[in-house]
Amino acid sequence: MSNYVDAAEATTRFLEVLQKRGIGFQPPQIEVYDRVPHTIVRTQRDGIYHLRYIMSLAKASQLDLIKYVYEDGLSDNRTFVLDQFGNGHQHYVTMNMDLAVHLLDEAPDQCFFAVLLTDGRMFWRSSMDFYHFAMGYNVVVWKPTNGNIPYDVSPPGWFTPWTDVLAASPAIVE
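Residue 2 is where the sequence shown starts when you use my numbering, and the numbers rise one by one after that.
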């Protein structure tokens, strides 16, 4: 597993992994939501990958410093989710909920979030799973004090590790 210097290098590595799996794709697009750029990769079969490049995982103690307005139970829900899905780690990943809903509207069955860490690890999950997780465990910060876009707090242990190709779909060799 190689380390990444920046988001461009991580995106290049992710595209190489897609090619190894036989997934064709269009050039990545940078789309801006709430003044923040997001990398979106669209596949040739109408799939969408939202790439989330993370320099370092945030610790749960950092989340406790944020003051919430009318967010009853969020701290308890977040603690429960980190304990159950964190695999012993007290770290979390945040995801923009408006973007998640937008991508689900565009491609509900073939939309995925991919989390790329600087140490080379990659995680993924379908956007539908992500949405149901966020709503089911109520770990969405609806009224953040550091902006106006709601975001989800998910432990990386809940995401599925992206491994090298174990099997690929059949292809015709000419």
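Note that CB positions come from ideal geometry on N, CA and C, so glycine has one too.
Proximity winner among the options, relative to residue i (alpha-carbon distances)
i	options	result
Ile-31	Gly-25, Thr-40, Gly-23 and Ile-24	Thr-40
Asp-7	Leu-118, Gln-111, Pro-38 and Glu-17	Leu-118
Ser-109	Thr-12, Phe-131, Arg-22 and Ile-173	The amino acid occupying residue 109 in the given sequence is Pro; Ser does not appear at that position. Nearest option by C-alpha distance: Phe-131.
Gln-45	Arg-53, Val-102, Asp-106 and Gly-23	Gly-23
Asp-99	Phe-113, Ile-150, Phe-81 and Val-141	Ile-150
Asn-1	Asn-78, Tyr-152 and Val-116	The question about residue 1 has no answer, for the chain in this structure spans 2 to 175.
Arg-126	Arg-53, Val-33 and Gln-20	Arg-53
Pro-152	Gln-85, Gly-25, Tyr-93 and Pro-28	The sequence given here places Tyr at residue 152; Pro does not occur at that position. Of Gln-85, Gly-25, Tyr-93 and Pro-28, the residue nearest in Cα terms is Tyr-93.
Val-116	Gly-158, Pro-171 and Val-33	Gly-158
Tyr-34	Val-18, His-51, Arg-43 and Lys-21	His-51
Distance, residue j Cα to residue i Cα
i	j	result
Phe-124	Glu-10	16 angstroms
Asn-88	Asp-47	33 angstroms
Val-154	Lys-144	13 angstroms
Phe-81	Pro-156	11 angstroms
Cβ neighbour criterion (16 or more within 10 Å) applied to residue i
i	result
His-133	exposed
Thr-12	buried
Ala-101	buried
Met-136	exposed
Which runs of the beta strand (DSSP E) at least 3 residues long sit entirely within the region 66 to 115? Give them in chain order. 92 to 97
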